[in-house]
Each structure stands twice: as structure tokens, then as C-alpha cells.
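Read through the structure below, which is laid out as C-alpha cells, and then see the notes.
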Amino acid sequence: MCPDNTHAKKQYLTPGNDIHYPGQTNHDACFIPVSVRQYAGEPLYIIVAHWCLLQQNWVQRNQIAEAFHITARRSSYLIAYLRSKTSRVVSICRHQTLPNKARRYEIYVIRVLDSPTPSTRREKAGPQPVSKRRVGNGDRSMANELWNRLCSNRNAGKILKKREDEDDRT
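Following the working numbering, the numbering of the sequence shown begins with 99 at its first residue and continues without gaps.
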């Protein structure tokens, strides 16, 4: 156990506060622009998506980094996340190739969908009991032997068939 409270989950934005504390403890806090503070309870990528939507233009990582007071690397990760999160964010992405062959992505957010309603899943009663019955009529030792022979020999099926014929004769 950690004696201090460094690993405690921090709370999200409170009214009048402009700092967003993410739910994950391995992520740093960031500034939230005034235009998107009403989405403070949402994950950071959704807040960024709303901000990009308000820009009504192509947005680069440097613009996100400047608006949210985060590193350019973290804003690149956010753009990549927005590109892959098609269930909540409808966007178009394009890239620009720099002279050093690096690609700079830009994103244009068309729409941000509301959070999906939680599905009505049935609660699991617990782990399923392990079945004691065997499936099929095969013998486990024969199956293991067949598998081992198949791994080492292509004629394993013929060899096993010969053995079965010998067993039937006796």
C-alpha cells in the first residue's frame, strides 16, 4: 500500500475551475477552454472533439496543444484516438508529409455523438460450472497420441487406424 494519497483518483472539473483531472492516474491534468467547459464530465478526447467541432476547420496537433496546455505528443495521441473512435466522433483526417518524411495529421470533426446509453446486460451469477461430462466418444489418451503423432509424423492417421483395426480383431 502506498502511504500517501498519490494514487487516489482525482475528481473531474468543478464549477469555476478550469483544470481537467482525467480519471486515469497516469495522465496529467490539462486546461479546458471556456468554449467547452460544459463538457467537463466527459473524457478528454470528447472535450477535444467538441473543441475541434467549434473550430469548423482543419485542426493540427499544435492547435490542440496550445488550447489545452498539453504537450504536442499528447495532442497527437488525442488525434489518433479521435480517428479511431468512430462510435462517438464523426471526423475526416488528412496528413501532410514534411520534408523529413514525417506525417502531420489534421482532423476535421463533423459531429460528436452523445454518449451511448449503457446496454442492459444481465448480471452474471458467477463462473459457469465446469462440465464433468466428456463431449463425443473419443478416448482422451488416443486423442493425445494422435495429436503427438500428427505433430511429428504425417502418417499418424494411418498408424492410428492400423492400431484400431488390431484392437477390433482381438
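C-beta atoms are modelled at their ideal positions from N, C-alpha and C, and glycine is treated no differently.
Going by beta carbons, C191 and I208 fall outside the 8 Å limit. Beta-bridge partners of R209 (DSSP): V188. Secondary-structure assignment with DSSP links C150 through no beta bridge to anything. K199 and L180 have their C-alpha atoms spaced approximately 23 Å apart. Assignment of E140 by DSSP, reduced to helix, strand and coil, places it in the coil class. Beta-bridge analysis with DSSP links Y203 to H193. Sequence-distant Cβ neighbours of I145 in its own chain, meaning closer than 6 Å and more than five residues away, are V134 and Y137.
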